[in-house]
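Okay, so here's the structure we're looking at.
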Amino acid sequence: MILLSSSAMSDANAPAQPDMFEGWDRLDWRERRERRFQRWLSPPSVQFASDSARRGYGERVQLIIDAVMLRKPARVAVSPLMGFYVARYSGLTLKEAMHDYQKSAAALTKYYDDFLPDFQSMPASPAKVFDLLGLNFVNWPGHGLADQTPWQYVEAEYMRADEYDALIADPSDYFRRTFLPRIGAAFRPLAGLDSFASMMEASTLPFNILPFADPAVLAGVHRLAEAAQEALVYLMTTGAAGADAAGRLGIPALAGGMAKAPYDVLADTLRGTKGIVMDRFRQPEKILEAADRLVRPMLDWAVRQAAMADSPLVVFVLHKGSDSFMSDADFRTFYWPTLKAVIRGLIEEGIVPALFAEGRYNRRLEVIADEEIPAGSVMWMFDQTDMAAAKRALRGRACIAGNVPSSLLALGTPEAVEKYVTDLLDECATDGGFFLQSGAVVDDARPEALKAMIETGRNWRG
Numbered sequence: 000m001i002l003l004s005s006s007a008m009s010d011a012n013a014p015a016q017p018d019m020f021e022g023w024d025r026l027d028w029r030e031r032r033e034r035r036f037q038r039w040l041s042p043p044s045v046q047f048a049s050d051s052a053r054r055g056y057g058e059r060v061q062l063i064i065d066a067v068m069l070r071k072p073a074r075v076a077v078s079p080l081m082g083f084y085v086a087r088y089s090g091l092t093l094k095e096a097m098h099d100y101q102k103s104a105a106a107l108t109k110y111y112d113d114f115l116p117d118f119q120s121m122p123a124s125p126a127k128v129f130d131l132l133g134l135n136f137v138n139w140p141g142h143g144l145a146d147q148t149p150w151q152y153v154e155a156e157y158m159r160a161d162e163y164d165a166l167i168a169d170p171s172d173y174f175r176r177t178f179l180p181r182i183g184a185a186f187r188p189l190a191g192l193d194s195f196a197s198m199m200e201a202s203t204l205p206f207n208i209l210p211f212a213d214p215a216v217l218a219g220v221h222r223l224a225e226a227a228q229e230a231l232v233y234l235m236t237t238g239a240a241g242a243d244a245a246g247r248l249g250i251p252a253l254a255g256g257m258a259k260a261p262y263d264v265l266a267d268t269l270r271g272t273k274g275i276v277m278d279r280f281r282q283p284e285k286i287l288e289a290a291d292r293l294v295r296p297m298l299d300w301a302v303r304q305a306a307m308a309d310s311p312l313v314v315f316v317l318h319k320g321s322d323s324f325m326s327d328a329d330f331r332t333f334y335w336p337t338l339k340a341v342i343r344g345l346i347e348e349g350i351v352p353a354l355f356a357e358g359r360y361n362r363r364l365e366v367i368a369d370e371e372i373p374a375g376s377v378m379w380m381f382d383q384t385d386m387a388a389a390k391r392a393l394r395g396r397a398c399i400a401g402n403v404p405s406s407l408l409a410l411g412t413p414e415a416v417e418k419y420v421t422d423l424l425d426e427c428a429t430d431g432g433f434f435l436q437s438g439a440v441v442d443d444a445r446p447e448a449l450k451a452m453i454e455t456g457r458n459w460r461g
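Per numbering that gives the first Met the number 0, the very first residue in the sequence shown carries number 0; after that it's consecutive.
Dropping the structure here:
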């Protein structure tokens, strides 16, 4: 998940705050967003070590607020999308970064101290939790991969082609009783449990709960509890690095949660690339119905995350919608309508969707400049998209972010990075509505190149 940072570790002794959701139903989306922005600017969860840290925190948050609202900020915000480079910079193997939370947290702190990005980065994922869950749909360093290889998704048809109706009928029940048992050993005992929707009569409850007495179910529940305890240790340990970055250095967390395009749930998580391509020809109506059915669960999940976080940004990592994965006609038919429904639902809740468009979106720009999405309400984070074209298409409609190539940060000179960043800012940032990021997650970099990116962006005043 994108880092929720210190807001997820709220200090119980923090001063009482007015209820952000008081009178929520009477507010329009702009008023709701303003309340979320104010909480981000004055976060109840952060204990600032100094006035300068408090000031710096507020100034950094304001840079993003201004960019989202298509204003020209005091300067351009700069924050590379950090991956395993944080670990490598501290001399850790990737296996160490995923297994040793203390070392991972210390590596984050060293990165923040040495580079002073404007926003925090996510910590390495917890391999011990993956181990306890018995996951088989990912490999990670030390588990199917060498110690220095980034973790990878193992794509397969985890949902069969004939199971769309079960997913559509009850997504939650399908995930609990079918999908999760297929991708994690700890979830397998859940397959035999009754649907919770059947537990509605006092006289039948003693029979409904009988499967919980099964030794296999008891063992599975114990294993899930053990994994949850391990996840809590991970969150508390790495979250302390986020709390320190916010309180001591004034570096906020960028995102308050994450979400997925409904089509990507089908194409990435459930059916896989081959399966979804075949379905587009053989049963397109099932894709449309299932994607539509997933809109509400996705909205509910994202809203719950944002309610617990300081930041109102919810990040989408968009995979199967890029130019290379489908035609423009298929994007308009299968991908965009339900993604747009989630976007609009989040905007209505005062949340800012931040959409990371992996690959190229050159042929999508006309579509995503949709006039039914209010101007100044979303952020588009681009990877390999033509940024000049993106600026032309989205000027006056949406903030854009990107797109310093990770290859340039890994192999380029500081001078080459400075030129790329300056040209990018001259093209895209002169009238505001821009946020400087790397085009993709950075797993390797030259420190001097990374510093050149951050310093050039911070000092630019076009």
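For each residue, glycine too, the CB sits at the ideal point set by N, CA and C.
Does the Cβ of residue i have 16 or more other Cβ atoms within 10 Å, making it buried, or fewer, making it exposed?
i	result
residue 42	buried
residue 384	buried
residue 13	In this prediction, residue 13 scores a pLDDT of 40, lower than 50, which makes its location untrustworthy; the coordinate-derived value is nonetheless stated afterwards. Exposed is the call here.
residue 410	exposed
residue 455	buried
residue 441	buried
residue 121	buried
residue 283	exposed
residue 152	exposed
residue 382	buried
residue 101	exposed
residue 307	exposed
residue 365	exposed
residue 353	buried
residue 538	What the structure shows of the chain is the stretch from 0 to 461, and residue 538 is not part of that stretch, so it cannot be assessed.
residue 273	exposed
residue 59	buried
residue 241	buried
residue 20	exposed
residue 35	buried
residue 113	exposed
residue 405	buried
residue 337	buried
residue 27	exposed
Determine the direct distance from the alpha carbon of residue j to that of residue i, and round the result to whole angstroms.
i	j	result
residue 278	residue 427	39 Å
residue 199	residue 208	12 Å
residue 379	residue 355	6 Å
residue 448	residue 321	28 Å
residue 130	residue 141	11 Å
residue 94	residue 228	21 Å
residue 31	residue 92	43 Å
residue 394	residue 44	35 Å
residue 7	residue 285	Confidence in residue 7 is poor, its pLDDT being 42 and thus under 50, which makes the residue's placement unreliable; the coordinate value appears in the next sentence. One C-alpha to the other measures close to 38 Å.
residue 85	residue 111	9 Å
residue 75	residue 49	24 Å
residue 330	residue 206	47 Å
residue 196	residue 169	10 Å
residue 236	residue 281	48 Å
residue 2	residue 250	Low confidence applies here, because residue 2 scores a pLDDT of 44, under 50, leaving its location unreliable; read the following figure in that light. In a straight line, the C-alpha of residue 2 is about 13 Å away from that of residue 250.
residue 16	residue 166	Confidence at residue 16 is low in this model, with a pLDDT of 48, below 50, so its placement is unreliable and the value that follows should be read with caution. So the alpha carbons of these two residues sit roughly 41 Å apart.
residue 389	residue 62	20 Å
residue 300	residue 418	41 Å
residue 270	residue 335	18 Å
residue 362	residue 143	37 Å
residue 398	residue 83	27 Å
My assumption, with CB atoms under 8 Å, is that residue i sits in contact with residue j. Please give the rounded CB distance.
i	j	result
residue 431	residue 66	7 Å
residue 176	residue 190	5 Å
residue 436	residue 78	6 Å
residue 213	residue 180	Going by Cβ atoms, the distance from residue 213 to residue 180 rounds to 14 Å, so no, they are not a contact pair.
residue 412	residue 459	Actually they are not in contact, since the Cβ atoms of residue 412 and residue 459 sit about 19 Å apart, beyond 8 Å.
residue 298	residue 344	4 Å
residue 40	residue 57	5 Å
Provide the residue span of the alpha helix (DSSP H) that contains residue i, from first to last.
i	result
residue 171	170–173
residue 424	413–427
residue 209	From DSSP, residue 209 is part of no alpha helix (DSSP H); its letter is neither H nor E.
residue 103	100–114
residue 274	271–281
residue 305	294–307
residue 392	386–393
Could you pull the start and end residues of the beta strand (DSSP E) that residue i belongs to?
i	result
residue 399	398–403
residue 135	Where residue 135 is concerned, there is no enclosing beta strand (DSSP E), given that its DSSP letter is neither H nor E.
Practice item. Spell out a yes or no on whether the stretch 213–232 and the stretch 102–116 are touching, meaning 3 or more CB-CB pairs, one atom from each, closer than 8 Å. Key: no
Review point. For the 8 Å Cβ check, are there 3 or more pairs between the stretch 302–320 and the stretch 342–349?
Key: yes
Review point. Is the stretch 183–194 in contact with the stretch 130–145, if contact means three or more CB pairs nearer than 8 Å?
Key: yes
Exercise for review: Examine the Cβ distances between the stretch 46–65 and the stretch 240–260 and report whether three or more of them are shorter than 8 Å.
Suggested key: yes
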